[in-house]
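Peer 1: Each residue of the sequence shown is one higher than the last, beginning at 137 in my numbering. Just so you know, even glycine gets a beta-carbon here, dropped at the ideal spot from N, CA and C.
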Amino acid sequence: RRWIARGGYVIERAVAPEQKGESNFIDNHKHTLAAGGGIELAGIGDVIQKPVSLDAFVSFTYLQPRDHHKLSPVDPVGDYTAKGHAFAAGLMSRWRF
Numbered sequence: 137r138r139w140i141a142r143g144g145y146v147i148e149r150a151v152a153p154e155q156k157g158e159s160n161f162i163d164n165h166k167h168t169l170a171a172g173g174g175i176e177l178a179g180i181g182d183v184i185q186k187p188v189s190l191d192a193f194v195s196f197t198y199l200q201p202r203d204h205h206k207l208s209p210v211d212p213v214g215d216y217t218a219k220g221h222a223f224a225a226g227l228m229s230r231w232r233f
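Below you can see the structure in the form of structure tokens.
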């Protein structure tokens, strides 16, 4: 049996400029924190004799608030602030034959 742990942090900088005109490309700076782990088993009894791996992860992404000020006072969207967050989780298994 072999246990594996992993984790990390990443920041992704927004590349789209402030949306002053007609376009509305929502692009915020994103901060993501993730953690995961896994186990590798040499086999499971007499039926599955090759290694089997199980991995799991969780992550949280925070979208830093960003204000957009429209140049046109009659813009149908108007000024706005884009922000948010997202959670993700996953599970994976690997079977060798």
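Which same chain residues, not among the five before or five after L199, have their C-beta less than 6 Å away from its C-beta?
Peer 2: Numbered from its first residue, the sequence shown carries residue 199 at position 63. The residues are N164, K166, K219, G220.
Peer 1: From the DSSP output, which residues share a beta bridge with I229?
Peer 2: Mapped onto the sequence shown, residue 229 falls at position 93. Before going further, note that residue 229 is Ser rather than Ile in the sequence given. DSSP lists L190 as partners of S229.
Peer 1: Check L169 in the structure and name its three-state DSSP category.
Peer 2: Here residue 169 refers to the residue found at position 33 of the sequence shown. Strand, per DSSP.
Peer 1: For P153, does the three-state DSSP call read helix, strand or coil?
Peer 2: The residue you call residue 153 lines up with position 17 of the sequence shown. Correct three-state label for P153: coil.
Peer 1: Please work out which residues of its chain come closer than 8 Å, Cβ to Cβ, to R137, disregarding the five sequence neighbours upstream and downstream, and give them in chain order.
Peer 2: Numbered from 1 along the sequence shown, position 1 holds the residue referred to as residue 137. So the qualifying residues of the chain are I175, E176, L177, A178.
Peer 1: At the level of alpha carbons, what is the spacing between Y216 and H205?
Peer 2: Here the question's residue 216 lines up with position 80 in the sequence shown. Here the question's residue 205 lines up with position 69 in the sequence shown. Taking the straight line from one Cα to the other gives about 7 Å.
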